[in-house]
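Colleague:
Numbering (the working numbering), first residue to last: 514 to 865.
1. What do you reckon, are the CB atoms on residue 727 and residue 766 nearer than 8 Å?
2. Which whole-angstrom value describes the C-beta separation of residue 680 and residue 664, a residue pair presumed to lie in contact below a C-beta threshold of 8 Å?
3. For residue 618 and residue 859, I'd like the C-alpha separation in whole angstroms.
4. How is residue 812 classed by DSSP in three states: helix, strand or coil?
5. Can you give, in chain order, each stretch of the alpha helix (DSSP H) that sits fully within the stretch 642–714 and has at least 4 residues?
6. Do the CB positions of residue 779 and residue 854 come within less than 8 Å of each other?
7. If you check the beta carbons only, do residue 653 and residue 744 fall under 8 Å apart?
8. Do the stretch 662–678 and the stretch 783–792 meet, that is, are 3 or more Cβ pairs less than 8 Å apart?
9. Under 8 Å between the Cβ atoms of residue 815 and residue 751?
10. May I have the straight-line CA-CA distance separating residue 561 from residue 666, to the nearest angstrom?
11. If you check the beta carbons only, do residue 748 and residue 676 fall under 8 Å apart?
12. Expressed to the nearest angstrom, what Euclidean distance is found between the alpha-carbon atoms of residue 866 and residue 735?
13. Extract the residue ranges of the alpha helix (DSSP H) inside the stretch 743–813, only unbroken runs of 4 or more that lie entirely within it.
14. Measure the CB-CB distance between residue 646 and residue 820 and report whether it falls below 8 Å.
15. Looking at the secondary structure, which residues open and close the alpha helix (DSSP H) in which residue 601 lies?
16. Whole-angstrom Cβ separation of residue 581 and residue 591, contact assumed at under 8 Å?
17. Going straight from the alpha carbon of residue 840 to that of residue 847, what length do you get?
18. Out of 761, 742, 813, which one is the CA nearest neighbour of residue 683?
19. Express the C-alpha separation of residue 662 and residue 632 in angstroms, rounding to a whole number.
20. Quick check on DSSP: helix, strand or coil for residue 837?
21. Which residues share a DSSP beta bridge with residue 720?
22. Apart from the five residues on each side of it in sequence, which residues of its chain come closer than 7 Å, Cβ to Cβ, to residue 851?
23. Tell me, to the nearest whole angstrom, how far the beta carbon of residue 601 is from that of residue 613; I am working on the premise that it is less than 8 Å.
24. Ends of the beta strand (DSSP E) at residue 847?
25. Please classify residue 534: does DSSP put it in a helix, a strand, or coil?
26. From residue 597 to residue 800, what distance separates their C-alpha atoms?
27. Measuring CA to CA, which of 807, 844, 721, 822 is closest to residue 609?
28. Output the distance between the C-alpha atoms of residue 583 and residue 630, rounded to the nearest integer angstrom.
29. For residue 843, is the beta carbon positioned less than 7 Å from some heavy atom of the ligand HEM?
30. Give the DSSP-derived three-state secondary structure of residue 605 in the structure shown.
31. Indicate the three-state DSSP secondary structure (helix, strand or coil) for residue 541 in the structure shown.
32. Between which two residues does the alpha helix (DSSP H) carrying residue 624 extend?
33. With 16 other CB atoms within 10 Å as the buried threshold, where does residue 678 fall?
34. Report the option in 759, 706, 628, 700 whose CA atom is closest to the CA atom of residue 692.
35. Relative to the C-alpha of residue 650, which residue among 837, 627, 639, 729 is closest?
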(Lines of atoms letter the chains of each structure in order from A; the text may use other names.)
(Lines give C-alpha, C1' and ligand atoms only; values in the text may rest on other atoms or scores of the structure.)
Protein backbone atom coordinates (compact mmCIF):
# COMPACT_ATOMS: atom_id res chain seq x y z
CA UNK A 514 0.00 0.00 0.00
CA UNK A 515 1.21 3.57 -0.58
CA UNK A 516 1.83 4.33 3.07
CA UNK A 517 4.89 2.05 3.11
CA UNK A 518 7.39 4.68 1.88
CA UNK A 519 7.83 7.95 3.63
CA UNK A 520 11.49 7.81 4.58
CA UNK A 521 12.44 10.61 2.18
CA UNK A 522 11.35 13.19 4.75
CA UNK A 523 13.82 14.63 7.26
CA UNK A 524 15.09 12.00 9.73
CA UNK A 525 13.63 13.92 12.67
CA UNK A 526 10.22 13.30 11.15
CA UNK A 527 10.57 9.52 11.01
CA UNK A 528 8.92 8.79 14.36
CA UNK A 529 5.85 10.86 13.53
CA UNK A 530 5.63 9.28 10.08
CA UNK A 531 5.73 5.78 11.59
CA UNK A 532 2.91 6.64 14.00
CA UNK A 533 0.85 8.08 11.20
CA UNK A 534 1.46 5.06 8.95
CA UNK A 535 0.26 2.76 11.73
CA UNK A 536 -2.83 4.90 12.15
CA UNK A 537 -3.45 5.00 8.38
CA UNK A 538 -3.09 1.21 8.14
CA UNK A 539 -5.58 0.70 10.96
CA UNK A 540 -7.92 3.13 9.26
CA UNK A 541 -7.64 1.21 5.98
CA UNK A 542 -8.62 -2.12 7.50
CA UNK A 543 -11.46 -0.65 9.53
CA UNK A 544 -12.89 1.50 6.79
CA UNK A 545 -12.48 -0.74 3.74
CA UNK A 546 -16.06 -2.09 3.75
CA UNK A 547 -17.69 1.12 4.94
CA UNK A 548 -18.96 2.87 1.85
CA UNK A 549 -20.86 6.08 2.64
CA UNK A 550 -24.23 4.44 3.21
CA UNK A 551 -26.56 6.35 5.44
CA UNK A 552 -26.90 4.79 8.89
CA UNK A 553 -26.28 1.07 8.63
CA UNK A 554 -28.47 -1.14 10.81
CA UNK A 555 -25.59 -2.16 13.10
CA UNK A 556 -24.89 1.46 14.02
CA UNK A 557 -24.08 1.94 17.69
CA UNK A 558 -26.01 4.57 19.64
CA UNK A 559 -24.40 7.96 20.17
CA UNK A 560 -24.04 7.67 23.94
CA UNK A 561 -22.79 4.05 23.80
CA UNK A 562 -20.17 5.04 21.23
CA UNK A 563 -18.98 7.99 23.32
CA UNK A 564 -18.98 5.94 26.52
CA UNK A 565 -16.94 3.17 24.89
CA UNK A 566 -14.49 5.66 23.42
CA UNK A 567 -14.00 7.53 26.67
CA UNK A 568 -13.52 4.43 28.83
CA UNK A 569 -9.88 5.20 29.69
CA UNK A 570 -10.50 8.81 30.68
CA UNK A 571 -13.72 7.74 32.38
CA UNK A 572 -11.83 5.44 34.74
CA UNK A 573 -9.89 8.50 35.94
CA UNK A 574 -13.08 10.46 36.57
CA UNK A 575 -15.69 7.87 37.53
CA UNK A 576 -13.45 5.74 39.72
CA UNK A 577 -11.15 8.44 41.05
CA UNK A 578 -13.89 10.97 41.78
CA UNK A 579 -16.46 8.36 42.78
CA UNK A 580 -14.17 6.82 45.38
CA UNK A 581 -13.37 10.29 46.64
CA UNK A 582 -16.91 11.60 47.08
CA UNK A 583 -19.41 8.83 47.44
CA UNK A 584 -20.05 7.68 50.97
CA UNK A 585 -20.47 9.35 54.31
CA UNK A 586 -17.66 11.85 53.88
CA UNK A 587 -18.09 15.40 55.03
CA UNK A 588 -16.96 18.17 52.72
CA UNK A 589 -13.79 19.62 54.19
CA UNK A 590 -10.57 21.27 52.99
CA UNK A 591 -8.87 17.91 52.63
CA UNK A 592 -11.62 16.62 50.33
CA UNK A 593 -11.47 19.76 48.17
CA UNK A 594 -7.67 19.50 47.94
CA UNK A 595 -7.98 15.87 46.88
CA UNK A 596 -10.53 16.93 44.23
CA UNK A 597 -8.02 19.47 42.93
CA UNK A 598 -5.36 16.76 42.69
CA UNK A 599 -7.70 14.39 40.84
CA UNK A 600 -8.63 17.07 38.29
CA UNK A 601 -4.99 17.93 37.65
CA UNK A 602 -4.13 14.24 37.23
CA UNK A 603 -6.87 14.00 34.60
CA UNK A 604 -5.20 16.83 32.62
CA UNK A 605 -7.98 19.32 33.29
CA UNK A 606 -5.24 21.95 33.69
CA UNK A 607 -4.48 24.49 36.40
CA UNK A 608 -6.72 27.32 35.17
CA UNK A 609 -9.85 25.21 34.73
CA UNK A 610 -9.19 23.24 37.93
CA UNK A 611 -8.74 26.41 40.00
CA UNK A 612 -11.95 27.93 38.65
CA UNK A 613 -13.98 24.76 39.23
CA UNK A 614 -12.66 24.19 42.76
CA UNK A 615 -13.17 27.88 43.67
CA UNK A 616 -16.79 27.76 42.48
CA UNK A 617 -17.49 24.55 44.37
CA UNK A 618 -15.80 25.91 47.51
CA UNK A 619 -18.03 29.00 47.33
CA UNK A 620 -21.11 26.80 47.07
CA UNK A 621 -19.97 24.75 50.07
CA UNK A 622 -19.42 27.90 52.14
CA UNK A 623 -22.95 29.05 51.24
CA UNK A 624 -24.14 25.64 52.51
CA UNK A 625 -25.61 24.77 49.13
CA UNK A 626 -23.70 21.49 49.19
CA UNK A 627 -23.66 19.43 52.36
CA UNK A 628 -22.39 15.96 51.47
CA UNK A 629 -20.12 14.13 49.07
CA UNK A 630 -22.94 13.02 46.79
CA UNK A 631 -24.14 16.62 46.34
CA UNK A 632 -20.58 17.77 45.64
CA UNK A 633 -20.16 14.96 43.09
CA UNK A 634 -23.28 16.08 41.21
CA UNK A 635 -22.24 19.73 41.45
CA UNK A 636 -18.81 18.87 40.00
CA UNK A 637 -20.47 17.28 36.96
CA UNK A 638 -22.66 20.37 36.52
CA UNK A 639 -19.62 22.67 36.67
CA UNK A 640 -17.71 20.58 34.13
CA UNK A 641 -20.70 20.40 31.79
CA UNK A 642 -21.22 24.16 32.13
CA UNK A 643 -17.62 24.82 31.12
CA UNK A 644 -17.95 22.61 28.03
CA UNK A 645 -21.35 23.98 27.03
CA UNK A 646 -19.57 27.26 26.31
CA UNK A 647 -17.71 25.51 23.46
CA UNK A 648 -20.50 23.25 22.20
CA UNK A 649 -21.22 24.52 18.69
CA UNK A 650 -21.79 22.09 15.80
CA UNK A 651 -20.20 22.83 12.45
CA UNK A 652 -22.85 24.32 10.17
CA UNK A 653 -22.14 24.26 6.44
CA UNK A 654 -23.52 27.47 4.93
CA UNK A 655 -25.19 26.37 1.69
CA UNK A 656 -24.94 29.91 0.31
CA UNK A 657 -21.14 29.52 0.26
CA UNK A 658 -20.37 27.26 -2.66
CA UNK A 659 -17.97 25.71 -2.12
CA UNK A 660 -17.90 25.89 1.67
CA UNK A 661 -14.14 25.72 2.29
CA UNK A 662 -12.77 23.95 5.37
CA UNK A 663 -9.06 24.39 6.05
CA UNK A 664 -7.73 21.61 8.30
CA UNK A 665 -4.60 22.37 10.33
CA UNK A 666 -2.54 20.55 12.96
CA UNK A 667 0.83 18.93 13.58
CA UNK A 668 1.82 15.59 12.07
CA UNK A 669 0.59 12.46 13.81
CA UNK A 670 -2.63 13.85 15.33
CA UNK A 671 -4.89 12.11 12.81
CA UNK A 672 -5.40 15.13 10.56
CA UNK A 673 -5.55 13.32 7.23
CA UNK A 674 -7.73 10.56 8.68
CA UNK A 675 -10.07 13.19 10.14
CA UNK A 676 -10.44 14.74 6.68
CA UNK A 677 -11.54 11.37 5.31
CA UNK A 678 -14.07 10.94 8.11
CA UNK A 679 -15.43 14.45 7.53
CA UNK A 680 -15.80 13.66 3.83
CA UNK A 681 -17.70 10.49 4.75
CA UNK A 682 -20.01 12.49 7.02
CA UNK A 683 -20.77 15.15 4.40
CA UNK A 684 -21.39 12.53 1.72
CA UNK A 685 -23.85 10.85 4.08
CA UNK A 686 -25.66 14.20 4.34
CA UNK A 687 -26.00 14.31 0.56
CA UNK A 688 -23.33 16.96 -0.01
CA UNK A 689 -20.75 16.80 -2.78
CA UNK A 690 -17.15 16.95 -1.57
CA UNK A 691 -13.71 17.69 -3.01
CA UNK A 692 -10.42 17.15 -1.16
CA UNK A 693 -7.26 19.26 -1.54
CA UNK A 694 -3.99 17.49 -0.70
CA UNK A 695 -2.29 20.59 0.68
CA UNK A 696 0.21 18.77 2.91
CA UNK A 697 2.66 18.60 0.03
CA UNK A 698 5.65 17.94 2.31
CA UNK A 699 4.63 14.34 2.96
CA UNK A 700 3.97 11.85 0.20
CA UNK A 701 2.05 9.66 2.66
CA UNK A 702 -0.50 12.39 3.40
CA UNK A 703 -1.22 12.92 -0.31
CA UNK A 704 -1.46 9.18 -0.95
CA UNK A 705 -3.73 8.61 2.04
CA UNK A 706 -6.15 11.28 0.81
CA UNK A 707 -6.10 9.73 -2.65
CA UNK A 708 -7.03 6.35 -1.16
CA UNK A 709 -10.01 7.96 0.59
CA UNK A 710 -10.98 9.76 -2.59
CA UNK A 711 -10.89 6.58 -4.67
CA UNK A 712 -12.94 4.67 -2.14
CA UNK A 713 -15.69 7.26 -1.93
CA UNK A 714 -15.56 8.53 -5.52
CA UNK A 715 -14.48 11.93 -4.22
CA UNK A 716 -12.16 14.04 -6.41
CA UNK A 717 -8.77 14.81 -4.85
CA UNK A 718 -6.70 17.72 -6.14
CA UNK A 719 -3.00 16.95 -5.65
CA UNK A 720 0.41 17.83 -7.04
CA UNK A 721 3.89 16.37 -6.63
CA UNK A 722 5.61 16.16 -3.23
CA UNK A 723 7.10 19.54 -2.34
CA UNK A 724 4.67 21.50 -4.53
CA UNK A 725 3.30 24.82 -3.32
CA UNK A 726 0.49 24.10 -0.84
CA UNK A 727 -1.37 27.33 -1.59
CA UNK A 728 -1.33 26.49 -5.29
CA UNK A 729 -2.90 23.06 -4.66
CA UNK A 730 -5.66 24.56 -2.54
CA UNK A 731 -6.27 27.36 -5.06
CA UNK A 732 -6.69 24.75 -7.82
CA UNK A 733 -9.14 22.79 -5.66
CA UNK A 734 -11.33 25.80 -4.85
CA UNK A 735 -11.31 26.93 -8.48
CA UNK A 736 -12.24 23.44 -9.67
CA UNK A 737 -15.00 23.14 -7.04
CA UNK A 738 -16.46 26.48 -8.12
CA UNK A 739 -16.62 25.37 -11.73
CA UNK A 740 -18.20 22.02 -10.81
CA UNK A 741 -20.66 23.37 -8.24
CA UNK A 742 -19.18 21.26 -5.42
CA UNK A 743 -20.70 21.86 -1.96
CA UNK A 744 -17.67 21.38 0.32
CA UNK A 745 -13.90 21.58 -0.15
CA UNK A 746 -11.77 20.10 2.64
CA UNK A 747 -8.14 21.18 2.41
CA UNK A 748 -5.25 19.47 4.18
CA UNK A 749 -2.25 21.63 5.16
CA UNK A 750 1.36 21.05 6.16
CA UNK A 751 1.65 19.58 9.63
CA UNK A 752 5.22 20.57 10.23
CA UNK A 753 7.23 23.60 9.21
CA UNK A 754 10.57 24.53 10.68
CA UNK A 755 9.53 27.57 12.69
CA UNK A 756 6.39 29.31 13.83
CA UNK A 757 7.06 32.13 11.35
CA UNK A 758 7.26 29.59 8.49
CA UNK A 759 3.93 28.16 9.60
CA UNK A 760 2.30 31.58 9.79
CA UNK A 761 3.67 32.58 6.39
CA UNK A 762 2.44 29.36 4.78
CA UNK A 763 -1.07 29.61 6.25
CA UNK A 764 -1.44 33.32 5.55
CA UNK A 765 -0.37 32.65 1.96
CA UNK A 766 -3.08 29.98 1.68
CA UNK A 767 -5.63 32.51 2.94
CA UNK A 768 -4.43 35.23 0.53
CA UNK A 769 -4.56 32.92 -2.46
CA UNK A 770 -8.04 31.64 -1.54
CA UNK A 771 -9.31 35.20 -1.18
CA UNK A 772 -8.62 35.78 -4.89
CA UNK A 773 -11.41 33.29 -5.62
CA UNK A 774 -13.67 33.94 -2.62
CA UNK A 775 -12.89 36.72 -0.18
CA UNK A 776 -14.88 34.95 2.55
CA UNK A 777 -12.84 31.71 2.35
CA UNK A 778 -11.87 29.71 4.29
CA UNK A 779 -15.25 29.46 5.96
CA UNK A 780 -13.97 27.17 8.71
CA UNK A 781 -10.45 26.55 10.04
CA UNK A 782 -10.45 23.26 11.94
CA UNK A 783 -7.55 22.48 14.25
CA UNK A 784 -7.04 18.76 14.88
CA UNK A 785 -5.53 17.91 18.28
CA UNK A 786 -4.57 14.50 19.69
CA UNK A 787 -6.08 14.16 23.18
CA UNK A 788 -3.23 11.83 24.15
CA UNK A 789 -0.70 14.65 23.97
CA UNK A 790 -2.23 16.20 27.09
CA UNK A 791 -0.89 19.65 27.88
CA UNK A 792 1.05 19.79 24.58
CA UNK A 793 -2.33 20.31 22.95
CA UNK A 794 -2.50 23.68 24.72
CA UNK A 795 0.69 24.98 23.09
CA UNK A 796 -0.43 23.63 19.70
CA UNK A 797 -3.80 25.38 20.04
CA UNK A 798 -2.06 28.64 20.94
CA UNK A 799 0.33 28.44 17.99
CA UNK A 800 -2.27 27.54 15.38
CA UNK A 801 -4.81 30.03 16.74
CA UNK A 802 -2.28 32.80 16.14
CA UNK A 803 -1.14 31.45 12.77
CA UNK A 804 -4.40 30.31 11.23
CA UNK A 805 -7.32 32.00 12.96
CA UNK A 806 -8.76 28.68 14.17
CA UNK A 807 -12.57 28.65 14.31
CA UNK A 808 -13.17 25.08 15.50
CA UNK A 809 -11.44 22.13 17.18
CA UNK A 810 -11.46 18.40 16.53
CA UNK A 811 -10.14 16.36 19.46
CA UNK A 812 -9.01 12.93 18.24
CA UNK A 813 -7.84 9.64 19.78
CA UNK A 814 -9.88 10.02 22.96
CA UNK A 815 -10.31 6.24 22.93
CA UNK A 816 -6.57 5.68 23.34
CA UNK A 817 -5.82 7.90 26.32
CA UNK A 818 -6.69 8.68 29.93
CA UNK A 819 -5.92 12.35 29.21
CA UNK A 820 -9.34 13.33 27.85
CA UNK A 821 -9.58 15.95 30.59
CA UNK A 822 -7.52 18.19 28.30
CA UNK A 823 -10.80 19.23 26.66
CA UNK A 824 -11.65 21.22 29.81
CA UNK A 825 -8.28 22.98 29.76
CA UNK A 826 -8.79 23.88 26.08
CA UNK A 827 -12.31 25.17 26.74
CA UNK A 828 -11.15 27.29 29.67
CA UNK A 829 -8.07 28.74 27.97
CA UNK A 830 -9.31 29.40 24.43
CA UNK A 831 -13.11 29.14 24.24
CA UNK A 832 -12.80 27.82 20.67
CA UNK A 833 -15.85 25.76 19.62
CA UNK A 834 -15.28 22.00 19.75
CA UNK A 835 -16.86 20.72 16.53
CA UNK A 836 -16.07 17.00 16.72
CA UNK A 837 -14.46 14.40 18.96
CA UNK A 838 -12.82 11.18 17.79
CA UNK A 839 -13.58 8.12 19.93
CA UNK A 840 -12.43 5.29 17.66
CA UNK A 841 -11.10 4.37 14.23
CA UNK A 842 -14.36 3.88 12.33
CA UNK A 843 -15.80 6.78 10.36
CA UNK A 844 -18.82 6.94 12.67
CA UNK A 845 -16.49 7.37 15.65
CA UNK A 846 -15.95 11.01 14.65
CA UNK A 847 -18.90 12.48 16.53
CA UNK A 848 -20.30 16.00 16.84
CA UNK A 849 -19.42 17.27 20.30
CA UNK A 850 -22.20 17.38 22.90
CA UNK A 851 -21.11 18.67 26.30
CA UNK A 852 -23.72 16.94 28.50
CA UNK A 853 -23.25 13.56 26.84
CA UNK A 854 -19.48 13.90 27.11
CA UNK A 855 -19.59 14.59 30.85
CA UNK A 856 -22.21 11.87 31.45
CA UNK A 857 -19.97 9.36 29.67
CA UNK A 858 -16.96 10.50 31.71
CA UNK A 859 -18.77 9.85 34.98
CA UNK A 860 -20.44 6.63 33.86
CA UNK A 861 -19.50 4.13 36.56
CA UNK A 862 -18.77 0.60 35.47
CA UNK A 863 -20.35 1.04 32.03
CA UNK A 864 -23.78 0.12 33.35
CA UNK A 865 -25.73 3.22 32.91
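The beta carbon of each residue, even a glycine, is placed where N, CA and C say it ideally should be. Since this is a predicted model, take the numbers as computed values, not measurements.
Modeller: In short, the structure shows the following:
1. yes
2. That belief does not hold up - the Cβ atoms of residue 680 and residue 664 are roughly 11 Å apart, past 8 Å.
3. 21 Å
4. strand
5. 672–685, 700–713
6. no
7. yes
8. yes
9. no
10. 28 Å
11. yes
12. Residue 866 lies beyond the residue range present for the chain, which begins at 514 and ends at 865; the question has no answer from this structure.
13. 756–771, 792–804
14. no
15. 590–602
16. Their Cβ separation, rounded to whole angstroms, is 10 Å, which puts residue 581 and residue 591 out of contact at 8 Å.
17. 10 Å
18. 742
19. 41 Å
20. strand
21. In DSSP, residue 720 forms no bridge with anything.
22. 641, 644, 645, 648
23. The pair is not a contact, with the Cβ atoms about 11 Å apart (cut-off 8 Å).
24. 846–848
25. Low local confidence applies: a pLDDT of 48 at residue 534 is under 50, so the model's placement there is unreliable, and no value is given.
26. 29 Å
27. 822
28. 6 Å
29. You won't find the ligand HEM in this model; it holds no ligand whatsoever.
30. coil
31. Below a pLDDT of 50, predicted positions are generally treated as unreliable, and residue 541, at 41, falls in that range; no measurement from the model is reported.
32. From DSSP, residue 624 is part of no alpha helix (DSSP H); its letter is neither H nor E.
33. buried
34. 706
35. 837
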